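Numbered by this note's numbering, the letters in the sequence shown go through residues 95 to 340 in order.
Yeah, the Cβ is synthetic: ideal placement off N, Cα and C, and Gly gets one too.
Since this is a predicted model, take the numbers as computed values, not measurements.
Have a look at the structure below before the remarks.
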Amino acid sequence: MIELSMNDFIRLYKLASIGKLVGGLIHNLNGPMQNLGLDIEMAYFSLKDVSEWDSKTTQSIISRLKRMEEEHERINSLIRTTAAKTGDDSDLDNSLLNIYEYLKQELIYLHTNLYFKHNVKTEIITANDPPLTSSLTRNSIRALGWFLQSIVEELEKQKINGLTLKIISDNATLKIMVLIQGGKLSEDFTGQIKDAILSSDTLKSDSSDLGIFLALTIFKSNGVTLELDSDSPYSNLIMNFPLIKH
């Protein structure tokens with residue numbers, strides 16, 4: 095029998111979770127790269143043949159350059175998120191985290207799931223000033239990413255087409271509400287969450303989804319509490335992250 099420490103277990107799963115997404119990541123990088131190549135070629139062709147700067151031509155060039163800039167930023171976003179997931183995450187300790195930007199980057203990265211990318215309408219709702227915090231533990235941030243990945247995989251299994259994340263923060267707690275539209279999470283999936291809510295002991299898993307089991311275990315050990323409303327037409331979930339006083 096092989097015994098692993100929690101840190102070893104986390105490192106192994108981090109590598110496994112990245113491996114699951116690499117194929118889709120390459121697919122998503124390929125599209126923007128092709129668009130950039132075509133737009134650069136077209137911009138060069140347009141500039142080469144321009145005899146005078148009329149407004150129509152100027153607007154066309156500006157439009158193409160804007161699209162190139164957006165695609166370039168999209169690639170950079172994917173690369174940054176991948177680098178963060180494959181690194182040692184030491185920069186997450188005591189760093190100031192914009193939770194809105196973090197969730198936005200995660201959803202972009204999770205477009206590696208092609209069902210999610212093409213079929214699920216997503217939205218992030220927050221106050222005008224997104225909360226900044228340095229109070230979440232490194233493992234809690236990791237677990238949040240894995241938990242969202244498990245949710246996205248569940249959306250694909252259940253053919254659900256809507257996901258809204260809502261951020262609510264006060265001095266003591268950061269709440270992230272996960273609102274599902276266009277379907278319900280399966281009983282197997284919500285059952286694992288209910289077990290985490292009700293259990294006062296170490297969690298045990300009969301699930302093949304190691305990601306959600308590990309995420310729930312980390313949440314529990316870091317004081318993150320969960321609330322689940324599966325009685326409504328859709329499934330709503332709330333994660334309550336305690337904000338540590340420094």
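- By the Cβ-count criterion, Ser329 is buried, with 16 or more other Cβ atoms from all chains shown falling within 10 Å of its own Cβ.
- The residue from Leu259, Gly276, Lys278 with its alpha-carbon nearest to that of Lys269 is Leu259.
- DSSP places Asp323 in the uninterrupted beta strand (DSSP E) bounded by 319 to 323.
- Contact check for Leu308 and Ala290: beta-carbon distance about 12 angstroms, past the 8 angstroms limit, so the pair fails to qualify.
- The straight-line gap separating the alpha-carbon atoms of Ser229 and Leu106 is approximately 25 angstroms.
- Taken through DSSP and simplified to helix, strand or coil, Gly256 comes out as strand.
- Considering only Gly305, Leu273, Glu250, the residue with the shortest C-alpha distance to Tyr209 is Glu250.
- The residue among Leu123, Gly276, Thr284, Lys288 with its C-alpha nearest the C-alpha of Pro327 is Gly276.
- Judged by DSSP secondary structure, Asn330 falls within the beta strand (DSSP E) whose first and last residues are 330 to 336.
- When the five nearest sequence neighbours on each side are left out, the beta carbons in the same chain lying within less than 7 angstroms of the beta carbon of Glu165 are those of Pro126, Asn129, Leu130, in order along the chain.
- Each residue's CA atom was taken as its position, placing Ser111 and Leu204 some 12 angstroms apart.
- With a threshold of 16 other beta carbon atoms within 10 Å, Gln286 meets it and is buried.
- The criterion of a C-beta distance shorter than 8 angstroms is not satisfied by Leu273 and Thr227.
- Note that the C-beta distance between Ile306 and Ser244 is below 8 angstroms.
- Non-local beta-carbon contacts of Thr175 in its own chain, meaning distances under 6 angstroms to residues more than five positions away in sequence, involve Gln199, Tyr203 in chain order.
- Residue range 215 to 219 is occupied by the beta strand (DSSP E) that includes Lys215, with no alpha helix (DSSP H) assigned at that position.
- The Cβ atoms of Ile332 and Met271 lie closer than 8 angstroms to each other.
- For Val214, same chain residues with a beta-carbon under 6 angstroms away, outside a window of 5 residues either side, are Leu249, Asn255, Leu257 in chain order.
- Excluding the 5 residues flanking it on each side, Leu115 has same chain C-beta neighbours closer than 6 angstroms at Thr206, in chain order.
- If you draw a 10 Å sphere on the C-beta of Phe241, you find 16 or more other C-beta atoms in it, and that means buried.
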